[in-house]
Amino acid sequence: MINLLRSEWIKLRTVTMNWVLGIIAVAFPLLITLLTAFFASGNDGDGEGLDTEGLISVLTGTTVVAALLCGVIAAASITSEFGFGTIRPTFAATPRRLRVIVAKGAVVVAATTALAVVVQLIGWFVGGAVADSQGASIDLALVPTGVPAMIGAVVLTALMSLAGYALGLLTRSTPVAVSILIVWPLIAEGLIAQLLVLVAGNDSIPNWMPFQSGIRLVVVGSVDLGPSRPFAGIYFGLFALALAALGAWAVDRRDA
Amino acid sequence: MITVTDLSKRFGSKVAVDHLGFEVRPGVVTGFLGPNGSGKSTTMRCMLGLDRADGGQTLFDGQHYQSLHQPLHQVGSLLDAGYVHPGRSGRNHLRWLAASNGIGKRRIDETLEMVGLTAVAGERLRGYSLGMRQRLGLAAVLLGDPHTIILDEPANGLDPEGIRWIRDVLVHLAGQGRTVLVSSHQLSEMALMAQDLVVIGQGRLIEQSTVTDFVERHADRWVRVKSPAVESLRQSLEQRGGEVEPVDEHTLHVRGIDCATVGELAANQQLVLHELSPQTGSLEDAFLKATAAAQEYRSGEVGGRS
């Protein structure tokens, strides 16, 4: 398995597009967070300057976009194999396909998770320092949900990567997988949720949609209806895992 | 030794491989021939477990491909030189393959050297010609120094020097006792490098034999005779039951009579002969004759010939 992990790591880091997307996934949340810390932290006496909760909210909120990008990286890591035909030499070199699928998934999820950790650490420490330098009062002890939200942002990134990878396994097509990855959380899930609310008359249904549930991982303030943060993470995680298992099963059965 | 037994593969209602069975022995190059759409590539993919066969099995020295621990050390395959990521360098393409089977960096350099790509190993594959990709594919095949080699159309896109090079490489590898199975449409090349043939059509085995036996069995044979008195000779040949085809004013092609008889007839009439030679059709002729009934896609006539 170590050989396979090494092989998949070489594959992942020898494609320029992965670097480009990875850099954007890191740069986007950091840039927004640091700019916000610099420009919105001014203590002008009206009490509306950036506080600790605000800083963490910006950081974890922008990490959602980064998580989507990481999902794209994960999806493309497998769809490009089918697109360029390299899946055939891959499976010829390792005929036990499930081992390849597990190794590739593990590598891409680990890599994107590492990116999310970097974003949270730099975002918090550098963002906090910038905000401090601008006169804001930043103190993590004042916001008990701060650390869980930042950990949640890392977990959300890992789970979005897993979901993207699963969509890649299922569709074998980069455009289709990426479209679903973008359209599902941003449009389709909301429409379906509203439809179900109309039919069932239960307002908490949107909170139980998979992606919406995952979003609760990064919420800094209190959450109202729906699952708690840990439960929401497990719920979304099981959803992504089930998709990945279905995708792995399909790839194992079908012609390469 | 490769043993294919009762292999079958169907795509919807189309039968691509139909209870196919053959053996490939070590020590010689075995040509895998068949018309377009005859199932050669599908067979090779099924042999390697890339396409899931509906029935039958393939054994490599008695083992299923799926049971091989690090297959690149035992079976090297090149099914399509285009199976590369254009954004990677040639060296990185080999690196991920090598890493998956625990093969070290030194072997990568060795194989790059063998196929003559060392100078361009760091360049991205989108800049490689088809011939360069074929060479890279062969480097990938050789990475694990396998005893069995399977190649699908390896000479596609190669220039004459490249074609000769790959022929020499394959003959050399077979000479080392390896099992080499090669599909190709370049029958003149196959005639030069293969000793055994597996010929299929519409997914079924048409024939498995040596190249010599195959040509002997299927190719046309005739006698070429050249004489200044060709008309007198023609009459006696026809009286003897020969089928005579004039080629030019001094040359005849004679079928139905062997070389010795033609010579005796000429001697009896005291006719001067400038040439008397037995002729045999090429592997291409033999192949076309053997697979005539199994041609899925047939060309129209060009210049009076079909």
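Residue numbers (our numbering), protein chains in the order written: chain A, 1 to 256; chain B, 257 to 562. For glycine and all other residues, C-beta sits at the position ideal for the given N, C-alpha and C.
query                                                                                                                                                                              : result
For R6 (chain A), return the contacting residues in chain B, with the cut-off set at a CB-CB distance below 7 Å.                                                                   : A355
Rounded to whole angstroms, what's the CA-CA distance from G272 (chain A) to V220 (chain A)? Just pull it up for me.                                                               : The structure shown has nothing for residue 272 (chain A), since chain A only spans 1 to 256.
Who are the neighbours of S385 (chain B) on chain A, taking C-beta pairs under 9 Å?                                                                                                : Within 9 Å Cβ-Cβ: nothing; S385 (chain B) doesn't reach chain A, min ~17 Å.
List the endpoints of the continuous beta strand (DSSP E) containing V479 (chain B).                                                                                               : 477-482
Could you list which residues in chain B have their beta carbon closer than 9 Å to that of R96 (chain A), in chain order?                                                          : Q322
Measure the alpha-carbon distance for H275 (chain B) versus T259 (chain B) and round it to whole angstroms.                                                                        : 13 Å
Under a CB-based cut-off of 8 Å, is S562 (chain B) close to chain A?                                                                                                               : Unreliable positioning characterises S562 (chain B) in this predicted model, as indicated by a pLDDT of 39, which lies under 50. A coordinate reading is not provided.
Give the range of the alpha helix (DSSP H) segment to which E530 (chain B) is assigned.                                                                                            : In the sequence as displayed, the identity of residue 530 (chain B) is His instead of Glu. Careful: H530 (chain B) lies outside any alpha helix (DSSP H) and carries neither H nor E.
Pull the bridge partners of F316 (chain B) from the DSSP assignment, please.                                                                                                       : B:I258, B:Q319
Could one say the Cβ of W239 (chain B) lies closer than 8 Å to chain A's Cβ atoms, at least one of them?                                                                           : Chain B is shown only over 257 to 562; residue 239 (chain B) falls outside these bounds and no answer can be derived.
I need the boundaries of the alpha helix (DSSP H) containing L414 (chain B), first residue and last residue.                                                                       : Element bounds for L414 (chain B): n/a, residue is neither H nor E.
Using a C-beta to C-beta distance shorter than 7 Å, which residues of chain A count as neighbours of H341 (chain B)?                                                               : V15, S80, F84, T86
Taking C-beta pairs closer than 7 Å, name the residues in chain E that L335 (chain B) reaches, listed in chain order.                                                              : In the structure shown, chain E cannot be found, because the protein chains are A and B.
Measure the CB-CB distance between L156 (chain A) and V147 (chain A) and report whether it falls below 8 Å.                                                                        : no
By the DSSP assignment, the beta strand (DSSP E) with G468 (chain B) in it spans what residues?                                                                                    : It should be pointed out that residue 468 (chain B) corresponds to Thr in this sequence rather than to Gly. Taken as a continuous stretch (DSSP letters only), T468 (chain B) belongs to no beta strand (DSSP E), being part of the alpha helix (DSSP H) at 467-474.
How would you list, in chain order, the residues of chain A whose beta-carbon sits under 8 Å from the beta-carbon of H396 (chain B)?                                               : The identity of residue 396 (chain B) in the sequence shown is Ala, whereas the question assumes His. P89, listed in chain order.
Determine the chain A residues that contact R351 (chain B) at a beta-carbon separation under 7 Å, and present them in chain order.                                                 : I10
Which residue's Cα is closest to the Cα of L306 (chain B): A:G22, A:G61, A:G85?                                                                                                    : A:G85
If contact means a Cβ-Cβ distance below 8 Å, which residues of the segment 283-313 of chain B contact chain A?                                                                     : R301, L304, G305, L306, D307, R308
Could you please give me the residues that DSSP links to E501 (chain B) through a beta bridge?                                                                                     : B:H509
Quick one, which of B:N524, B:L368, B:R347, B:L386 has its alpha-carbon nearest R380 (chain B)'s?                                                                                  : B:R347
Between R229 (chain A) and G152 (chain A), how many whole angstroms is the CB-CB distance? I'm expecting something under 8 Å.                                                      : 6 Å
Taking all protein chains shown into account, decide if S213 (chain A) is buried (16 or more other Cβ within 10 angstroms of its Cβ) or exposed.                                   : buried
Check whether the Cβ atoms of N357 (chain B) and H329 (chain B) sit closer than 8 Å, and answer yes or no.                                                                         : yes
Determine, for W249 (chain A), whether the minimum Cβ-Cβ distance to residues of chain B falls below 8 Å.                                                                          : no
Judging by CA-CA distance, which residue of B:V486, B:T286, B:L493, B:T468 is the nearest neighbour of D408 (chain B)?                                                             : B:T286
Within the same chain, show all residues whose beta-carbon is closer than 8 Å to that of I422 (chain B), passing over the 5 residues directly before and after it, in chain order. : Q390, L394, P410, A411, L414
Given L315 (chain B), which residues of its chain have a CB within under 6 Å of its CB, disregarding the five upstream and five downstream residues?                               : T259
Here's a check: name, in chain order, each residue in its chain whose Cβ is nearer than 7 Å to the Cβ of A248 (chain A), leaving out the five neighbours to either side.           : L98, I101, L169
Whole angstroms are fine: how far does the CA of L529 (chain B) sit from the CA of Q495 (chain B)?                                                                                 : 19 Å
What number of angstroms, rounded off, separates the C-alpha of L508 (chain B) from the C-alpha of V481 (chain B)?                                                                 : 5 Å
Is the Cβ of L263 (chain B) closer than 8 Å to any Cβ of chain A?                                                                                                                  : no
Name the chain A residues whose beta carbon is nearer than 7 Å to that of V344 (chain B)?                                                                                          : According to the sequence displayed, residue 344 (chain B) carries Arg and not Val. Under the 7 Å cutoff, chain A gives T14, V15.
Which partner residues of R380 (chain B) appear in the DSSP bridge assignment?                                                                                                     : B:S345
Using a Cβ-Cβ distance under 8 Å, would N3 (chain A) count as near chain B?                                                                                                        : yes
Relative to the C-alpha of H349 (chain B), which candidate in A:L238, A:L181, A:K11 has its C-alpha closest?                                                                       : A:K11
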